[in-house]
Amino acid sequence: MPSIFLDGVTVQFPFTPYDCQKKYMEKVIKCLKEKLNGVLESPTGTGKTLCLLCATLAWREHFKDTISAQKISERLEGKEMFTNKSLEFWGSASEAGSTAVSYSDVPQIIYASRTHSQLTQVVNELKNTSYKPKVSVLGSREQLCINPEVRRQESNHVKVHMCRAKVSTRSCVFYNNVEEKSTDRVLVESIVDMEDLVKFGNKQRACPYYLSRSLKQQADVVFAPYNYLLDPRTRKAHSIDLAGSVVILDEAHNVEKTCEEATSFDITPYDLASAIDALTRLLSEHVQQASLGEASSSGLNPEAVANLKEIVLKLEEAIDSYEVQDDKGITKPGIFIYELLERASLTYKTKDTVFEALEQIVGFFAGQPGLFTNTGGLQKLMDMLQLVFCGEASQKELQQKMEANTASFKVHIHKDTSAQKKQKNGDPWGSSTKKTGNILSYWCFSPGYSMKDLENQGVRCIILTSGTLSPLNSFTSEMRIKFQVSLENSHVIERDQIFVSVIEQGPDRVQLSSAYDRRFLPENLSSLGNTVVNLTRVVPHGLLLFFPSFYLMEKTLEFWREHGHADRIESVKPMFIEQKGKGAFTETIGAYYNKVSDSQSRGGIFAAVCRGKASEGLDFANTYGRGVIITGLPFPPKMDPRVILKMQFLDEMNRKKLGGEKFLTGQEWYREQAFRAVNQAIGRVIRHKDDYGAIFLCDQRFKSKDVQSHLPSWLKPYVRSYDNFGNIVRDVCQFFRVAQKMRPVLEKNPATDQLLCPASSSELSVPHCSGATQKPCTQKAKIVEMHTSTLKRRRTDEDIEYASIFKQYESPSQKSKMKPGSLFDALERVEQRRRNDALGEEMQSNWSTLSLQYDKKMDEMMRGGKRKINLVPEQKPSVSVVVTGNGKNSIAKTFLGEMKSSLSQVNFEKIRQALYTYKKDDNLDQLLLNTSLLTDDPHTYRLLRGLYPFVRPHHRKIFDEKCLEQTGTGCGYKAEHSVYTDEKKARMPPSAEQTSELSSSKSDLPSSTHFDVEQSKQGGHQGLQENQTGADSKTQVQTAFLADVKKGLGPEGSAQLFKAVNDYKKTDNYDNMVAAAVALFTEKDENFSLLVRFGSVIRPHHKKQYKEMLSALMGQSADTVPAQMDQTKIEERQSSA
């Protein structure tokens, strides 16, 4: 490798560096040698990471040489070892005032980036250099723990406390092997990333989490996400000592947000209520144990627990004592937090006692078997105490300490309007307690608070670097620490590799603007659509389209669809829309890459949002990003309370002018946020020295010199403004013509495969891709149509195919109960058709996602208060069942909900598995044994009795007696509950067989559970043969069902359901399929009726079992069935017409 000499340091570089790379490394070395903080911007594609690693490690070796020189000097007593070279040749030990006298004084390098995936890329870059330092990659238990029992826990803080409990008692076999395996030569001498560490841990049965912490002690370079350094609580938890270390924060454009979020918190009514619930339960256990003469199992004094509960109640009362409007809150200075907490007896004097008690209680609940207790609220209180009461101070200095702690904060009390959201999106095994009230927010508005704390740890220097830090002045102003070294680096590309144009008006000469007063004007949206249509035709391969926000993107795309712009765009390139969900986003971006890679296509468009996933670190090199369109300036939401308070805080700081420091004004900060987001989006193109691309700034405001001054320095010389749109098209065509001739299209970027292969990708089952250029890890993108909607509605491509599955399944050719071949054949034909058409233009267009709003409107047409469902039994007359969608009164559904809210996930799965095992082997004794955990706690007696509806009739009397014996209360057994279904069916005439079957299911349950049916008057097989119109009607009904499923479950839920159906087809595993379906359809009340309609997918030999499950879950009054049955038939006739 070439050696270069920079500022007295010899750097080994993989190739001869460019001038901009030398300049960057010189700045890094200057920071390291002179102990100076630096902020360094170098555009993406200039080898920033490689330069940073080589320069830092070269300087570290040089530093070691200075110590060697000093030791040699001491031994020679000032004599020269080599007559032709002085000691200074080997390095100066007094560099920048250094007093290092041993090799232990060599600074450790702490290299931090935003995410672990980015750190993995850095580690891989390190492997390509000649340097082989000892490294350690820090991560959380969520990522590194391999103990099955700990990994099963849903809550992260429960994992932490369970892990600590196992470590303290040495009951974790993986932890017990850490000391022996931490000195393994392969581990110590290799450069390992997180994935390598987990593989090593699994192979050697040693805990990767504690291995990484052990390696950290002797590591030359420690890699960690930068919130591990900026959050003092996380830094303390990982025992990160920064004294004398070099701290490097890569991808630092997100540091501002991370600093503020790491030192802020929100205490909601839900948090306080769950904390009170946990303390109440602990007190109840104390009372119960005391009544039995037993000692407290928690080791806590009951009086201390009662005092702690009183503190939480007082805090709740103090927060709720403020009357606030729904749309506004009450804002107080940061120091008000001490006044508020003092009303709950939380002060510097009591903080340690309260914190230790909370920690002990959380640890106790984490180690408790049986019922799961939500300790999230207790954990929130612990975090609050650590943040508010940080540091120690004498009584004389206490007031000054509190003022210093809160100078960068605001207290905001506002109304809680998200009670239902917490229930919908929160932990399903969390506390069911819901309470409306006020939220206490303690928000930090200065990233300098964390940066100063970081500097005060005694670090040698701090280096912030990224590809998009511009404008640097505003960025460094926010950090509140001095940066003596700065750099806005140039790019490695030539002028013919970049085209930048400001498009202030579209082809129709209408001004383009995303300003608040113009963004939704029809003429503005139309002109923007025409602009994109024209640019789509002239930009080859992949084109990125960035909008200021998700809301604006949705409204714009809806307008384009309604007015024909969407059709014109997709006639050239299919459009793919950025999704908010992680799984859906991965599928969509994968489909985009595959489409662009297809040599038979003209590329694709990826529509995304500034500050979204696509604008943060994704690689759109080469053909994947030949152009980027910026449709406006992405200002933060101005009515957001946090944005309002941030601007007010900055204005206050400017008025006070504390210490002569200069702050941004609120308005300046607001504008800088928009410019920085634009610069980040622009950075998606030009990813290396041979790349090329075009940037289109489609907003008239970009013509302003003031706005252009905020663009990256390397980009400014290339910006051109046009008065005529035709000239833009002409010059763009010429640009790409020359670029393609001088730089032929490169092969697909290898980084794509890494991007499209997350850890969970192996769990997805997808059709085989026949494209020669596609890698296996991108094949899962082929099922993107299950997650996103198509631009042009092609119902025959998907909906009719799946409807045909149901239709063929109902056909009378299915003779065998064990092997319903027609369902197999139908699914196989659909899959085969998808494989054959995978590279076809029509199926490729189905990956586009423009008409999300269109699908929503189509689905809304199928809404109704009541659903009329046809259940088609196996070779028997169909039975109509009327379902209202309100399953709250169903005993069985309530039972399932209580199980989820009362048991841990592990115990819930045990009970569920016990029921499935019982269904298979009919062994009541085994069921009682497997559910015995419900008898360990009086709180779960009701759950044991709740199993009664699931017990078969001939076992119900015995089960009732067992419940009476073990819980003191029976299940309400009656003699008619033991009458078995077949006994009634045998006495029923054939024409009434179906009615009897479901009616007897009703009698099999307690009197409070009903399931009403009416015999269908039309036959099955013969009716289908005689009336083709009826078959068409069924197809339409089934197609409507699929549309309802997509609308009700959403993209991810629909994909999970279709995967479960495919697995069912292959394995005939009824239990797994039904478990998945029930979990999806019962998540929302409005989707409950879909569970009945889903019966058409069930195989004949499982239909009886499925009907029994339905009868246990829901029911209707018998007298309402006939009228609704008539309505169902009317709707079917209208549908067939």
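Number 615 in the numbering used here belongs to position 615 of the sequence shown; there are no gaps in the numbering.
Glycine is no exception: its CB is placed at the ideal position from the N, C-alpha and C atoms.
- A distance of 7 Å or more separates the beta carbons of GLY448 and GLY542.
- Ranking ASP105, LEU138, GLY529 by CA distance to the CA of VAL222 puts LEU138 first.
- When DSSP states are grouped into helix, strand and coil, HIS412 belongs to the strand group.
- Each residue's CA atom was taken as its position, placing LEU144 and GLY363 some 20 Å apart.
- Setting aside the 5 residues that flank it on each side, GLN108 is surrounded in the same chain by ALA219, ASP220, VAL221, VAL222, GLY244, SER245, VAL246, each with a C-beta closer than 8 Å to its C-beta; the list follows chain order.
- Proximity of the segment 375-382 to the segment 329-336 falls short of the contact definition, fewer than three beta-carbon pairs being nearer than 8 Å.
- Residue pairing by DSSP leaves LYS27 without any beta bridge partner.
- Minimum Cα-Cα distance from THR16 among the listed residues GLY47, SER264, MET402 corresponds to GLY47.
- Excluding five sequence positions before and after GLY506, the CB atoms of its chain that fall closer than 7 Å to its own CB belong to LEU512, SER527, LEU528, ASN530, THR531, PHE725, given in chain order.
- The beta carbon of ALA318 sits closer than 7 Å to those of LEU340, ARG343, ALA344, all from its chain and outside the five residues before and after it, given in chain order.
- Cβ-Cβ distances below 7 Å link LEU126 to LEU53, ILE191 in the same chain, with the five nearest sequence neighbours on each side left out; the list follows chain order.
- Contact check between the segment 303-310 and the segment 267-274: fewer than three CB pairs, one atom from each, fall below 8 Å, which does not count as touching.
- For CYS963, the enclosing alpha helix (DSSP H) has its first and last residue at 956-967.
- No Cβ-Cβ contact shorter than 7 Å links THR258 with GLY683.
- Contact check between the segment 453-465 and the segment 697-704: fewer than three CB pairs, one atom from each, fall below 8 Å, which does not count as touching.
- Residue burial is scored here from C-beta neighbours: CYS733 has fewer than 16 other C-beta atoms within 10 angstroms and is therefore classed as exposed.
- Only buried fits HIS286, as 16 or more other CB atoms lie within 10 angstroms of its CB.
- Shown here, PHE336 sits in a helix according to DSSP, grouped into three states.
- Look at SER155 here: in three-state DSSP terms it is coil, with no helix or strand label.
- Judged by DSSP secondary structure, ASN524 falls outside any beta strand (DSSP E) and instead within the alpha helix (DSSP H) spanning 522-538.
- Residue pairing by DSSP places VAL609 opposite PHE547 in a beta bridge.
- Counting C-beta pairs closer than 8 Å gives three or more between the segment 621-638 and the segment 684-699, which meets the contact rule.
- Residue environment analysis places GLN153 among the buried positions, since at least 16 neighbouring C-beta atoms fall within 10 angstroms of its C-beta.
- Minimum Cα-Cα distance from GLU256 among the listed residues ARG281, LEU230, THR280 corresponds to LEU230.
- Sequence-distant partners of PHE355 (beyond 5 residues in either direction) whose C-beta falls short of 7 Å from its own C-beta, in its chain, are MET382, LEU385.
- ILE276 counts as buried, since no fewer than 16 other beta carbons sit within 10 angstroms of its beta carbon.
- Within the same chain, and ignoring the five residues on either side of VAL198 in sequence, the residues whose Cβ sits closer than 6 Å to its Cβ are PRO208.
- Shortest Cα-Cα distance from GLY970 to any of LEU944, ALA1043, PRO953 involves LEU944.
- According to the DSSP assignment, GLY627 belongs to the beta strand (DSSP E) that extends over 627-630.
- Under the DSSP assignment, ASP266 falls in the beta strand (DSSP E) whose first and last residues are 265-267.
- In the DSSP assignment, THR406 falls within the unbroken alpha helix (DSSP H) covering 398-406.
- According to the DSSP secondary-structure assignment, PHE223 is paired through a beta bridge with TYR111, VAL137.
- Per the coordinates, the alpha-carbon of ALA677 lies some 11 Å from the alpha-carbon of PRO471.
- ASP508 sits exposed, since fewer than 16 C-beta atoms from the chains shown fall within 10 Å of its C-beta.
- In this model, GLU488 and TYR322 are separated by some 49 Å (Cα to Cα).
- The closest CA to that of LYS351, considering only SER171, GLN905, ILE311, is found on ILE311.
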